[in-house]
Ligand code: SF4
Ligand code: SF4
Ligand code: SF4
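Residue numbers (the numbering used here), protein chains in the order written: chain S, 1 to 582; chain Z, 1 to 99.
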């Protein structure tokens with residue numbers, strides 16, 4: 001690639017050819033405002049906020065998708081540009097409900113920030129066309145409020161290009177166009193997997209998580225309820241962002257302290273059941289390898305991914321592990337084992353999850369996730385997991401109580417469902433489940449101690465990763481993919497019979513794994529994903545136990561209650577089934 | 001365009017029909033075109049049917065037309081914006097604030 005010399009805002013600069021004006025300008029210190037732009041994902045130039053003046057050109061160019069040219073002279077901030085940008089924002093606002101004060105994105109909204117930055121003080125036009133569009137809250141995980149949509153198309157790009165689902169599109173044409181599922185369909189009537197990636201990138205409050213904080217407040221102040229909370233691995237390094245801590249900071253101890261102050265009766269960790277998942281899923285893999293069964297085995301922790309397979313590859317469902325996700329294993333164990341052990345009425349136990357994920361809300365509501373009700377044969381027992389809060393919702397609850405999160409002293413999880421290992425900690429990163437499984441699988445199969453427990457090949461943000469691990473004379477071939485677009489590649493190959501010699505494949509619905517989940521703090525971009533992943537590996541590195549089978553509480557659980565992995569009780573409580581969906 | 005003693009009715013009719021063409025062609029993908037042409041049309045409709053029009057509204061139309069004319073993604077919006085600007089400057093007597 002050649003070099004290109006140009007002048008931006010009177011500053012000479014030399015950059016690689018192919019660089020956009022936006023990137024080049026940033027290097028000379030000119031931060032051009034943008035709205036629809038999302039690096040690498042949405043570069044359609046729809047909003048026209050990033051317009052710049054290129055000498056000799058009659059019309060403005062959009063900086064986000066115009067490559068630099070040799071000899072270009074670019075101005076990023078002239079009176080005409082300022083006027084054009086402000087006029088564009090004014091137009092958007094003329095068709096926007098001014099509900100900032102009651103909006104879920106108040107204080108973290110790109111439209112708000114832009115209007116403020118461009119000093120928009122009046123809206124001289126009227127004529128709302130979207131004011132009457134109804135809210136779509138048909139799914140368990142996300143809510144669409146099309147009145148707040150500014151047509152940036154980020155959600156469309158993410159849903160079709162990153163996730164390969166295509167549930168929401170630009171519908172219609174011209175002045176009647178809108179963004180959403182096909183006309184007359186609600187989101188739950190599409191193949192939307194409720195991953196929430198659209199909510200993560202939406203600059204406004206037009207797509208958000210379904211807020212269920214009020215249900216949790218009600219439970220916390222209900223004296224008849226014993227409210228337990230579990231925190232997903234990926235939340236351990238993200239909640240701090242909402243309180244000004246550096247991205248990727250391990251806030252486990254502070255989160256536990258905050259949850260206790262919120263009034264939870266017991267503060268537990270999904271990491272405990274992540275270790276349990278490894279015991280079950282690893283045993284399932286060994287069983288398939290030795291006794292037969294569909295291979296490669298596919299992981300099942302990610303509910304968006306499960307829904308995706310149910311919709312798009314129902315014939316390949318036998319490959320998917322029958323293990324429930326750690327969240328659902330937790331719910332089942334809390335309302336059976338824990339209830340029994342502490343002599344509590346299982347109907348009084350209220351399980352709240354803190355998850356990085358909107359699809360977890362969908363998972364918890366799946367009709368078959370009522371194991372405890374069936375186990376006790378008691379219709380008063382609710383779903384195994386009662387309410388799922390995303391990271392963002394927990395952040396809002398903490399903020400609402402006025403807890404000064406950043407200065408909280410570290411606190412410890414309750415026992416026994418709060419004990420976990422480093423293997424569980426890394427579940428939140430792409431490749432983490434695989435690495436955890438390899439650490440345990442190796443030792444269970446060979447009976448030897450694993451010397452090198454870090455499996456670098458499966459770490460990192462590469463879309464599809466592979467490794468070969470020698471195991472008692474067999475070369476275990478594994479693969480890891482994250483983001484459903486990458487998953488689709490894997491599934492197409494599996495369908496075509498090209499993956500017959502692979503044994504185990506980890507798939508996570510969201511890019512980067514759960515640390516990039518649709519319920520995580522906004523913004524979640526590549527840099528944030530990287531920092532959070534690093535945070536998780538640091539957590540792992542300093543843990544007392546780093547292999548799931550070493551978790552003493554999990555051992556006790558098997559001794560006291562479950563018997564052995566894949567045993568009768570495990571099957572009843574920890575395994576599940578899937579349904580083909582249209 | 002000739003700018004002699006224009007018949008206001010003819011001029012505003014012309015503006016409206018030109019914009020109608022643009023509306024028909026607009027794909028709906030870029031914001032200034034989508035919102036801008038719609039907002040401009042709304043004001044021009046008022047001029048056409050004799051409703052009150054404020055100086056502010058007319059000023060906004062000028063700004064929007066300039067924004068669309070220079071910043072729209074494709075020729076459809078750009079031509080629309082420029083036509084409006086052209087009409088505004090040539091027939092200022094037609095596009096007067098009215099109470
Ligand atoms: S989406 Fe943004 S601008 Fe719109 S009401 Fe919500 S906070 Fe305000
Ligand atoms: S939740 Fe995921 S699948 Fe559903 S519309 Fe959003 S991006 Fe698409
Ligand atoms: S819903 Fe959000 S992300 Fe999608 S087009 Fe509208 S504003 Fe953009």
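Cβ atoms here follow ideal geometry from the backbone N, Cα and C, with glycine treated the same way.
| Item | Value |
| --- | --- |
| Out of S:157, S:20, S:350, S:28, which one is the CA nearest neighbour of residue 219 (chain S)? | S:350 |
| Which residues, taken in chain order from the segment 31-51 of chain Z, show a beta carbon closer than 9 Å to some beta carbon of chain S? | 31, 32, 33, 34, 35, 36, 37, 38, 39, 42, 43 |
| Is the CB of residue 21 (chain Z) under 8 Å away from at least one CB in chain S? | no |
| Is it true that the CB of residue 323 (chain S) sits closer than 8 Å to the CB of residue 277 (chain S)? | yes |
| Leaving out the 5 sequence neighbours to the left and right, which residues in its chain are closer than 6 Å to residue 190 (chain S) when beta-carbon positions are compared? | 167, 181 |
| Could you work out which residues of chain S lie near residue 27 (chain Z), taking near to mean beta carbons separated by less than 7 Å? | 173, 174 |
| Taking residue 9 (chain Z) as the query, report the chain S residues whose CB atoms sit under 7 Å from its CB, ordered along the chain. | The premise fails here: residue 9 (chain Z) is roughly 24 Å from chain S at the closest Cβ pair, so nothing lies under 7 Å. |
| Can you name the start and end residues of the alpha helix (DSSP H) that residue 178 (chain S) belongs to? | Unbroken run through residue 178 (chain S) is the beta strand (DSSP E), 178-180; no alpha helix (DSSP H). |
| Report the neighbours of residue 60 (chain Z) on chain S: residues whose CB is nearer than 7 Å to its CB, in chain order. | 124, 125 |
| Using a Cβ-Cβ cutoff of less than 7 Å, which residues in the same chain neighbour residue 64 (chain Z) once the five nearest sequence positions on both sides are dropped? | 36, 39, 40 |
| Can you give me the C-alpha to C-alpha distance between residue 256 (chain S) and residue 411 (chain S), rounded to a whole angstrom? | 6 Å |
| Mind the definition here: the segment 305-320 of chain S touches the segment 246-255 of chain S only if three or more C-beta pairs lie below 8 Å; say whether that holds. | no |
| Could you compute how far the alpha carbon of residue 459 (chain S) sits from the alpha carbon of residue 404 (chain S)? | 34 Å |
| Where do the ends of the beta strand (DSSP E) carrying residue 475 (chain S) lie? | 474-482 |
| What do you get for residue 319 (chain S), buried or exposed, if any count of 16 or more other CB atoms within 10 angstroms of its CB means buried? | buried |
| Along chain Z, in chain order, which residues have C-beta atoms closer than 8 Å to that of residue 45 (chain S)? | 30, 73 |
| Could you compute how far the alpha carbon of residue 566 (chain S) sits from the alpha carbon of residue 363 (chain S)? | 22 Å |
| Can you find a CB in chain Z that lies within less than 8 Å of the CB of residue 359 (chain S)? | no |
| Do residue 272 (chain S) and residue 228 (chain S) come within 8 Å of each other at the CB atom, strictly closer than that value? | no |
| What number of angstroms, rounded off, separates the C-alpha of residue 1 (chain Z) from the C-alpha of residue 86 (chain Z)? | Any reading at residue 1 (chain Z) is ruled out, since the residue's pLDDT is 47, under 50, leaving its predicted position unreliable. |
| Measure the Cβ-Cβ separation of residue 28 (chain S) and residue 13 (chain S) and say whether it is below 8 Å. | yes |
| Please confirm if residue 86 (chain Z) has its CB atom under 8 Å from at least one CB of chain S. | no |
| Per DSSP, what kind of secondary structure is residue 555 (chain S) in: helix, strand or coil? | helix |
| Do residue 20 (chain S) and residue 65 (chain S) have their C-beta atoms closer together than 8 Å? | yes |
| Return helix, strand or coil for residue 371 (chain S), following the three-state DSSP convention. | helix |
| Distance cutoff 8 Å, beta carbons only. Does residue 1 (chain Z) sit that close to anything in chain S? | Per-residue confidence for residue 1 (chain Z) stands at a pLDDT of 47, beneath the threshold of 50, marking its modelled position as unreliable; the derived number appears in the next sentence. No, because no Cβ of chain S sits closer than 8 Å to the Cβ of residue 1 (chain Z). |
| When the distance is taken between beta carbons, is residue 237 (chain S) closer than 8 Å to residue 515 (chain S)? | yes |
| Hey, residue 618 (chain S) and residue 387 (chain S): beta-carbon distance below 8 Å or not? | With chain S running from 1 to 582 in the structure shown, residue 618 (chain S) is simply not present. |
| Classify residue 580 (chain S) as buried or exposed, calling it buried when 16 or more other Cβ atoms lie within 10 Å of its own Cβ. | exposed |
| Can you tell me which of the three DSSP states residue 49 (chain Z) falls into? | helix |
| Consider the C-beta atom of residue 179 (chain S) and the heavy atoms of ligand 3; say whether any pair is separated by less than 7 Å. | yes |
| By the criterion of Cβ-Cβ separation under 8 Å, what are the contact partners of residue 603 (chain S) in chain Z? | Here chain S comprises residues numbered 1 to 582, so residue 603 (chain S) is not present and cannot be evaluated. |
| Could you tell me whether the segment 203-214 of chain S touches the segment 130-147 of chain S, where touching means 3 or more Cβ pairs closer than 8 Å? | yes |
| On the three-pair Cβ rule with 8 Å, is the segment 332-345 of chain S touching the segment 540-553 of chain S? | no |
| Within its chain, find whatever has a CB closer than 6 Å to the CB of residue 192 (chain S); leave out the 5 residues flanking it on each side and keep chain order. | 167 |
| Can the beta-carbon of residue 131 (chain S) be found less than 8 Å from the beta-carbon of residue 89 (chain S)? | no |
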